[in-house]
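What follows is a short report on a single structure.
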Amino acid sequence: MIEVEAKARALEDAEERILRMGGVLEGVESHTDIYFRSPVRDFASTDEALRIRIKDDGVHLTYKGPKLDSETKTRLELSIRVDDAAAAEKLLESLGFSRFAVVRKRRAKYRLGDAIVALDDVDGLGRFVEVEISADHVNPRDRARVLEMISSVGMGKPIRLSYLELLEIARSSTPITASGSADEKSTPARSEP
20 MIEVEAKARA
30 LEDAEERILR
40 MGGVLEGVES
50 HTDIYFRSPV
60 RDFASTDEAL
70 RIRIKDDGVH
80 LTYKGPKLDS
90 ETKTRLELSI
100 RVDDAAAAEK
110 LLESLGFSRF
120 AVVRKRRAKY
130 RLGDAIVALD
140 DVDGLGRFVE
150 VEISADHVNP
160 RDRARVLEMI
170 SSVGMGKPIR
180 LSYLELLEIA
190 RSSTPITASG
200 SADEKSTPAR
210 SEP
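Per our numbering, the very first residue in the sequence shown carries number 20; after that it's consecutive.
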């Protein structure tokens, strides 16, 4: 499945804007994302990610491939439901993967046609909005729609960095602009995407 996604800092009235656009609240969830390093390749260099996501309704093991365009976070995403987060982590560790970071957030999820619009309160970062469309293949119209929606509820340019990357930048005290970008010269080398 291809995930066509864009993210930005949320405007103060983002929730009202989403509702005016026709968004329907599907629920509010807590997410704990546990990220892993690969024993055979550097995910930061290959722009990939492997995580276990623990949500209120279950646990998912997810692989994210490299980003496919320069404006959004469009990428291959493969996700499977697992019964037990601890067992999944033990399996990955047995294969040589190692846990290196955890990201926690509270997500209000809205349905807007075939798009999901999420208002995320991320521990250590603040409030963001993500717009996502899942598709079988890359479609320029989906990309354009996602960018249009994010410009209606977010401030500044879309942010291509993951929450994990933004947390690493925040911990390093690198200034982050309103759009979520960091000064390239002062940005530390990433450990993972």
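Note that beta-carbon positions come from the ideal geometry of N, C-alpha and C, so glycine has one too. Just so you know, these numbers come straight off a predicted model, no measurement behind them.
Can you list, in chain order, the residues of its chain with a C-beta nearer than 8 Å to that of residue i? Leave out the 5 residues immediately preceding and following it.
i    : result
H79  : I71, R72, S98, I99, R100 and V101
G145 : R28
A33  : L138, R146, V148, V172 and G173
G41  : L131 and G132
Assuming the contact rule is C-beta atoms closer than 8 Å, residue i and residue j should be a hit. Round their C-beta distance to whole Å, please.
i    : j    : result
T91  : P177 : 6 Å
K124 : H50  : 5 Å
V157 : L87  : 6 Å
I152 : V23  : 5 Å
Run the CB neighbour count on residue i, radius 10 Å, all protein chains shown included, and call it buried at 16 or more, exposed below.
i    : result
L114 : exposed
A68  : buried
D52  : buried
D139 : buried
V165 : buried
D161 : buried
E187 : buried
Quick check on the DSSP output: the beta strand (DSSP E) that includes residue i runs from which residue to which?
i    : result
R130 : S117 to L131
E108 : Not the beta strand (DSSP E): E108 falls in the alpha helix (DSSP H), residues A104 to S113.
E31  : It is not in any beta strand (DSSP E) - E31 carries neither H nor E in the DSSP assignment.
I152 : G145 to A154
D142 : Counting along the chain, D142 falls outside any beta strand (DSSP E), and DSSP gives it neither H nor E.
Grab me the residues of residue i's own chain with a C-beta within less than 7 Å of its C-beta, minus the 5 sequence neighbours each way, in chain order.
i   : result
A77 : Looking at the sequence shown, residue 77 is not Ala but Gly. Here the set comprises R100.
Would you give the residue range spanned by the alpha helix (DSSP H) that residue i belongs to?
i    : result
I169 : P159 to V172
I188 : Y182 to R190
Closer than 6 Å by C-beta to residue i: which residues in its own chain qualify, once you throw out the five before and the five after it? Chain order, please.
i    : result
Y182 : V122 and V141
**Study point:** Residue ranges of each beta strand (DSSP E) within the stretch 36 to 100, 3 or longer
**Key:** 43 to 56, 68 to 74 and 77 to 86
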